[in-house]
Amino acid sequence: MKNNAVLEMKGICMTFPGVKALDNVDFTLKKGEIRALMGENGAGKSTLIKCLTGVNKFEAGEIYIDGIEGSVVNRDTLDAQKKGISTVYQEINLCPNLSVAENLFIGREPLTKLGTVNRRKMNAQAAQLMKDLELDIDVTRDLEEYSLAMQQMIAIARAVDMECKVLILDEPTSSLDDNEVEKLFGMMRRLKEQGVGIIFVTHFLEQVYAVCDGITVLRNGQLVGEYDIEELPRVKLVAAMMGKDFDDLAAIKQEEIKDFSGEPLEIDAKGLSHAGTIKPFDLEIHKGEVVGLTGLLGSGRSELARVIYGADRNQSGTLKVDGKERRIKNPIDAMGLGMGFLPDDRKAEGIVGDLSVRENIILAMQAKLGPMKKIPMHVQNEIADKYIELLQIKTASRETLIKQLSGGNQQKVILARWLATDPDFLILDEPTRGIDVGTKTEIQKLVVQLAQEGKSLIFISSEIEEMLRVCNKMAVLRDGAKVGEISGNMTQESVLSAIAGGDRNE
Amino acid sequence: MNKLRNITKKQLFLPIISMILVMLINVLFDIIDGNAAFDFFAISMKNGVLYGRIVDILNRGSEIAILALGMTLVVSASAGTDISVGSVMSLAGGMCCMMIAGFGVTSVSTVAELAHPIWFGIVCGILVAILAGAFNGFLVAYMKIQPMVATLILWSAARALALLLCNNMIVYVRMDEFKVFGSFLGPIPTPIIIAAICIAVLAAVLKFTALGTYIQSVGINKRASRIAGFNSANIILMCYTICGLFAGIAGIVNTSRIYSADTNNIGLNLEMDAILAVALGGNSLGGGKFNLAGSIIGAYTIQAITTTLLARGVSTAQAPVFKAIIIILIVVIQAPPVKEFFKKRSARKSAVKEAV
């Protein structure tokens, strides 16, 4: 082991069916260091972490952990935890139907003398933990009652609370808003002072520079290099990740502000609502227009879109689609009217894990046709190949199960599913979350291109820069209600102040 | 070598191996007994009909195979089992015989005595089974009741209802026109033909429509399927209804075999065989992906075990014990840790070879 290293991985190799996922990768983490693990989708970041935590069985290589003699092989995550390696994954792996306290102490519950779970003690400890982290959470309530962001914080709290030498955060910020990200960074810095080594996997470059000490870059399963933060400025980092220069990412902002008021309306919603999630709202979307929904997390961005699509049943008001009044009870009704919806919770509402990439792509198309009109196999293959090529989906073949793909590639498959239905109106809820820089730009280009073809879109994203690039107009949401719209010359400043509301200036 | 490894990866590999294993046991016994080694596979004509142990297994296994078809769909779509199929078989049989003979009549043997035509009785029997399936499906899909609990209702009620329909008696229909469904059509046992038709129709439906994708998608991820435009409740309802239909057909076959509605015994415990058939076929009882061929092989494997044991002179009372032993073996060789073990071993072997 090198001096004051807490973790050292050497020559890790791992193969998935048809893909060399990791090829001789080294990784070193010092005590009290926050190290970013960077790379595009499918570069092997998640795979490397899964090798470390015992989820994946790697074929060759050695792992050394501070304080443990000889090389270590973790059989499973529990084993890894015992050796001081805790992980918070990209997708939340907690039990939604258990209480927060139960989730925090699962597998290590405080016991009474009789050997039963000491609930009072467990709840008290959990409440204390939440207080320490300045989280306002009732630990006796079920986890699923909290937003995705809160669940993520709880997952981190759980990992932090265990005696850990190495804390792995795999895309922890992708569902957090700025305020929560700051809180998390505070937590990370505190842990760093205690000597914990932190591996931070993210796609947000600015966050890397805000909190990290070092960067390790992977590309196509191989180590590109290990750097200190000072020696690798942003442009060089992106270049290292993509293996090319950064010109491609030049802004694709539309040159002029286009006026859509003359165009016919695709969506004309008046007073739509869903009890408990979104208060009555009006929204007009013209043909060829991209409308952004912006606001803090939990402000009702996704919920507004869900009501239009019928994912949540609309309970009031009227909805006109293409000029005609329609009632949408279920997603299939909306699809019949030419809508498509890419949900933000990819794991729960996007992928059908045990089906192949091909089947996942044709799924919505087939649903529109009905069960009796099966799409002939050769057509299915053509469609699948077309989108694998178009969106550059990294998969061994079109028959690979979607669950074997990396997160970003799964997202592309779901996107392909909707593009294949040739929708007139497409809702994209966080389409670029967990996706690498290069593909992000591709998706943004695609959105602009679809709009130019006369399609209407709703675009939801936590990244304001991205919204500014693609949206013609933004609807602002706060506390489950639509509070205004901004259009014309939008800037990051104007959007932020709209989100924050009038009280910002007081 | 590579080809061989590819074959062993297929889902059907182990079910087929299990089937062959059971056959080998038979061959072994034949040799021990001093019979011709392949007596088991011998098929001959006696009294103008096919005769042999294979024929017997295919014949007797028809009901399980038919039930396993519907059960496969139910398991896939709802990640649960329909434990009422055995009772529903009895209900279908009871309804059928009661309609043919008339309520309260215990036996008919001539056309003049019939209350309704035979075809009408059969249609009524199958219809009531479809209704039972739809009832199960409604409870599971729309009332969101756990499949095991929902189908528990008809598991106990359907058989009682059948007894009620038959006025607490065994109703006999001693007519060749009715017996034919459980005996022979020409030289071939009719149940084999009926099972083959059921299999062929369902396989064709799955091949030429997209129902297979619908069912599996709903079984794997209900919420994602809804967003992608599927109505999961309707699909689950449909699967249970189809399961009811097949239970009805199996019930008629079984009733016709004994040309009577012996409602206490028709289909007794057959639901467990049907569920086992699905599991033996390598299908996960957790729902999702399914393989119809696997379930069918599983069904005939179970019947092969039963037939073997009975042919060996094991009494019907003791047979379940031996059946259990064989089934434990089959299930264990298909268990993930065992598969993993063999995979590792072969990997180590090939590594050694490379080193040499």
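Chains as they are written, first to last, in the working numbering: chain A, 225 to 730; chain B, 0 to 355. Using N, Cα and C, we set each Cβ at its ideal position, and we do this for glycine too. Computed from a prediction, not measured in an experiment: that's the story for all the values here.
Shorter than 7 angstroms from the beta carbon of residue i to some beta carbon of chain A?
i: residue 288 of chain B; result: yes
i: residue 210 of chain B; result: yes
i: residue 229 of chain B; result: yes
i: residue 213 of chain B; result: yes
i: residue 223 of chain B; result: yes
i: residue 226 of chain B; result: yes
i: residue 235 of chain B; result: no
i: residue 75 of chain B; result: no
i: residue 345 of chain B; result: no
i: residue 283 of chain B; result: no
i: residue 294 of chain B; result: no
i: residue 61 of chain B; result: no
i: residue 216 of chain B; result: yes
Would you say residue i reaches chain B, if we count a Cβ-Cβ gap shorter than 7 angstroms as a contact?
i: residue 628 of chain A; result: no
i: residue 573 of chain A; result: yes
i: residue 714 of chain A; result: no
i: residue 556 of chain A; result: yes
i: residue 431 of chain A; result: no
i: residue 578 of chain A; result: yes
i: residue 598 of chain A; result: yes
i: residue 595 of chain A; result: yes
i: residue 238 of chain A; result: no
i: residue 559 of chain A; result: yes
i: residue 587 of chain A; result: yes
i: residue 241 of chain A; result: no
i: residue 608 of chain A; result: no
i: residue 635 of chain A; result: no
Given that a residue counts as buried once 16 or more other Cβ atoms are within 10 Å of its Cβ, and exposed if not, what is residue i?
i: residue 350 of chain A; result: buried
i: residue 238 of chain A; result: buried
i: residue 154 of chain B; result: buried
i: residue 476 of chain A; result: Residue placement at residue 476 of chain A cannot be trusted, given a pLDDT of 47 that sits under 50; the coordinates are not used to answer.
i: residue 44 of chain B; result: exposed
i: residue 241 of chain A; result: exposed
i: residue 535 of chain A; result: buried
i: residue 506 of chain A; result: exposed
i: residue 304 of chain A; result: buried
i: residue 254 of chain B; result: buried
i: residue 664 of chain A; result: buried
i: residue 602 of chain A; result: exposed
i: residue 485 of chain A; result: exposed
i: residue 611 of chain A; result: buried
i: residue 118 of chain B; result: exposed
i: residue 454 of chain A; result: exposed
Take residue i and list the residues in its own chain whose beta-carbon comes closer than 8 angstroms to its own, dropping the five residues that flank it on each side.
i: residue 165 of chain B; result: 93, 96, 97, 260 and 262
i: residue 55 of chain B; result: 306
i: residue 21 of chain B; result: 300, 303, 304, 307 and 325
i: residue 50 of chain B; result: 42, 43 and 44
Report all residues from its chain with a CB closer than 7 angstroms to the CB of residue i; omit the five preceding and five following residues, and keep chain order.
i: residue 253 of chain A; result: 229, 230, 231, 259, 390, 421 and 423
i: residue 474 of chain A; result: Low local confidence applies: a pLDDT of 44 at residue 474 of chain A is under 50, so the model's placement there is unreliable, and no value is given.
i: residue 82 of chain B; result: 147, 150, 151, 154 and 270
i: residue 469 of chain A; result: Confidence at residue 469 of chain A is low in this model, with a pLDDT of 47, below 50, so its placement is unreliable and the value that follows should be read with caution. Cβ within range, chain order: 463.
i: residue 587 of chain A; result: 576 and 641
Please report the Cβ distance between residue i and residue j, rounded to the nearest whole angstrom; I am assuming they are in contact, meaning their Cβ atoms lie under 8 angstroms.
i: residue 514 of chain A; j: residue 713 of chain A; result: Rounded, the Cβ-Cβ distance is 16 angstroms, inconsistent with contact.
i: residue 458 of chain A; j: residue 429 of chain A; result: 6 angstroms
i: residue 277 of chain B; j: residue 67 of chain B; result: 6 angstroms
i: residue 16 of chain B; j: residue 579 of chain A; result: With a Cβ gap of about 27 angstroms, residue 16 of chain B and residue 579 of chain A do not count as contacting.
i: residue 60 of chain B; j: residue 298 of chain B; result: 6 angstroms
i: residue 74 of chain B; j: residue 128 of chain B; result: The pair is not a contact, with the Cβ atoms about 19 angstroms apart (cut-off 8 angstroms).
Identify, in the order they occur along the chain, each residue of the same chain with its Cβ nearer than 6 angstroms to the Cβ of residue i, setting aside the five sequence neighbours on each side.
i: residue 224 of chain B; result: 216, 217 and 231
i: residue 245 of chain A; result: 238, 268, 271 and 445
I want to see whether chain E comes within less than 7 angstroms of residue i, judged by CB atoms only; does it?
i: residue 219 of chain B; result: The structure shown has no chain E; the protein chains it does contain are A and B.
Is residue i near the ligand SAH, in the sense that its beta carbon is under 6 angstroms from a heavy atom of that ligand?
i: residue 395 of chain A; result: No copy of the ligand SAH occurs in the structure displayed, which carries no ligand at all.
Next on the checklist: So if I threshold CB-CB distances at 8 angstroms, which residues from the segment 10-21 of chain B count as touching chain A?
Outcome noted: none
Checklist entry - Taking Cβ-Cβ distances below 8 angstroms as the criterion, which residues of the segment 123-145 of chain B are in contact with chain A? => result none
Checklist entry - Taking Cβ-Cβ distances below 8 angstroms as the criterion, which residues of the segment 344-359 of chain A are in contact with chain B? => result none
Next on the checklist: Give me the subset of the segment 641-658 of chain A whose CB atoms are less than 8 angstroms from a CB atom of chain B, sorted by chain position.
Outcome noted: 641
Item to check | Near-chain B residues of the segment 273-292 of chain A (beta-carbon distance less than 8 angstroms), N- to C-terminal order | outcome: none
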